[in-house]
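Novice: Pasting in a structure now, in structure tokens, and then I'll have a few things to ask.
Protein chains in written order, with our numbering: chain A, 26 to 110; chain B, 11 to 224.
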């Protein structure tokens, strides 16, 4: 195993640490302006929707239909069926 | 906790692929232990396996993890303590635990977050170990299609978020932004960019105040 790979591990760990720490350090521990809270309350629907479509339909930089697309479609139809009953 | 088991299977897959990319079994485990971000780890090793440089691999991992920036911003008001303490608490975010800890209206249950992440950390590490040490006998576990659990799981949580027309509109906009960017941006950017849809939340207050004045 080359030293380069340990640089890779350290680099990935460092960028992950910084990205995950940024929001809580910059904005945590104090009251935020109400308008910013309005934005924060919408993060979950926006990010969850993006995660669903990218994980179900994207493979790298391509869009494709696969087993995971079928899983989401099944979930949607199950949900709408249970709502209508 | 099906998502944690599915995470373990993905980790197993990571262990196998890391060995194929020329990592030692110990190396794969160290990466899972200190990075603990599945999609970033896959992005980084796929670049190494394709003969890319370490800088490019770290860059890909950073882009893949960029969605933790808006997730961390959303989480910030729910994390008390000093800046150091908040930085440490912020490290526990992974997609599934962030989504589970979300209580709606921008509040998060941090202990739910820590607990869900702790379970996933265990399955992520054990999955990596099994894949890295016993991978040759296993083939690629992704062939089983278990990774389909994740979009279905996020969809179930998303459906609970669609309380009003505004949330539904933002979800739709986020999905469309992400889909539009998939073919033209590196992986990771579409989800980050989808967070721009939340900026409509800045506008809402104006509309409501205007309504109250009227």
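Using N, Cα and C, we set each Cβ at its ideal position, and we do this for glycine too.
How many whole angstroms separate the CB atoms of residue 181 of chain B and residue 191 of chain B, which I take to be in contact at a CB cut-off of 8 Å?
Specialist: That pair is no contact at about 16 Å.
Novice: What is the DSSP secondary structure of residue 130 of chain B, counted as helix, strand or coil?
Specialist: Residue 130 of chain B falls in the helix class under three-state DSSP.
Novice: So for residue 46 of chain B, helix, strand or coil by DSSP?
Specialist: Residue 46 of chain B: coil per DSSP, three-state reduction.
Novice: Which same chain residues end up closer than 7 Å to residue 136 of chain B when comparing Cβ atoms and leaving out the 5 residues on each side of it in sequence?
Specialist: Closer than 7 Å at Cβ, skipping near neighbours: 18.
Novice: Please tell me whether residue 201 of chain B has its Cβ less than 8 Å away from any Cβ of chain A.
Specialist: With 8 Å as the cut-off, residue 201 of chain B counts as an interface residue toward chain A.
Novice: Going along the chain, which residues of its own chain have a beta-carbon closer than 6 Å to the beta-carbon of residue 220 of chain B, five neighbours each way excluded?
Specialist: Summary for residue 220 of chain B: the model assigns pLDDT 44, below 50, so the residue's position carries little reliability; its value from the coordinates is reported in the next sentence. No residues qualify anywhere along the chain.
Novice: Please determine, among B/13, B/29, B/12, the residue with the shortest C-alpha to C-alpha distance to residue 140 of chain B.
Specialist: The option with the nearest alpha carbon to residue 140 of chain B is B/29.
Novice: Counting only Cβ pairs nearer than 9 Å, list the residues of chain A close to residue 15 of chain B.
Specialist: Within 9 Å Cβ-Cβ: nothing; residue 15 of chain B doesn't reach chain A, min ~15 Å.
Novice: Residue 180 of chain B touches chain A at which residues, Cβ-Cβ below 7 Å?
Specialist: 67, 70, 71, listed in chain order.
Novice: Check the Cβ of residue 78 of chain B against every Cβ in chain A and list those closer than 9 Å, keeping chain order.
Specialist: Those within 9 Å of residue 78 of chain B in chain A are 41, 44, 45, 47, 48.
Novice: Given the structure, does residue 110 of chain B come close to the ligand FMN, in the sense that its CB is under 7 Å from one of the ligand's heavy atoms?
Specialist: Questions concerning the ligand FMN fall outside what the structure shown contains, since it holds no ligand whatsoever.
Novice: Is the shortest distance between the beta-carbon of residue 205 of chain B and the beta-carbons of chain A less than 8 Å?
Specialist: Closer than 8 Å: yes.
Novice: The beta strand (DSSP E) that contains residue 113 of chain B, what's its start and end?
Specialist: First-last of the beta strand (DSSP E) with residue 113 of chain B: 112-114.
Novice: Which complete alpha helix (DSSP H) runs does the region 63-131 of chain B hold, if anything under 4 residues is left out?
Specialist: Runs of the alpha helix (DSSP H) inside the region 63-131 of chain B: 64-75, 78-85, 93-100, 105-111.
Novice: With a CB to CB cut of under 7 Å and the five nearest residues on each side skipped, what residues in its chain are close to residue 131 of chain B?
Specialist: Same-chain partners within the cutoff: 46.
Novice: Could you check whether the region 113-123 of chain B touches the region 83-101 of chain B, counting it as contact only if at least three pairs of C-beta atoms, one from each stretch, sit closer than 8 Å?
Specialist: They touch, by the three-pair rule.
Novice: Helix, strand or coil, according to DSSP, for residue 60 of chain B in the structure here?
Specialist: DSSP places residue 60 of chain B in coil when its eight states are reduced to three.
Novice: In this structure, how does DSSP classify residue 222 of chain B when only helix, strand and coil are distinguished?
Specialist: In this prediction, residue 222 of chain B scores a pLDDT of 43, lower than 50, which makes its location untrustworthy; the coordinate-derived value is nonetheless stated afterwards. Helix, per DSSP.
Novice: With distance defined between alpha-carbon atoms, name the residue in B/104, B/159, B/54 nearest to residue 32 of chain B.
Specialist: Minimum Cα distance to residue 32 of chain B is reached at B/54.
Novice: Per DSSP, what are the beta-bridge partners of residue 83 of chain A in this structure?
Specialist: A/88, per the DSSP bridge assignment.
Novice: Less than 8 Å separating the beta-carbons of residue 142 of chain B and residue 35 of chain B?
Specialist: Yes, the Cβ-Cβ distance between residue 142 of chain B and residue 35 of chain B is below 8 Å.
Novice: Buried or exposed for residue 72 of chain B, going by 16 or more other Cβ atoms inside 10 Å?
Specialist: With 16 or more other Cβ atoms within 10 Å, it is buried.
Novice: Could you say which of A/82, A/44, A/65 lies nearest to residue 113 of chain B if we only look at CA atoms?
Specialist: Among A/82, A/44, A/65, the Cα nearest to that of residue 113 of chain B is on A/65.
Novice: So with Cβ pairs under 8 Å, would you call residue 135 of chain B a contact of chain A?
Specialist: Closer than 8 Å: no.
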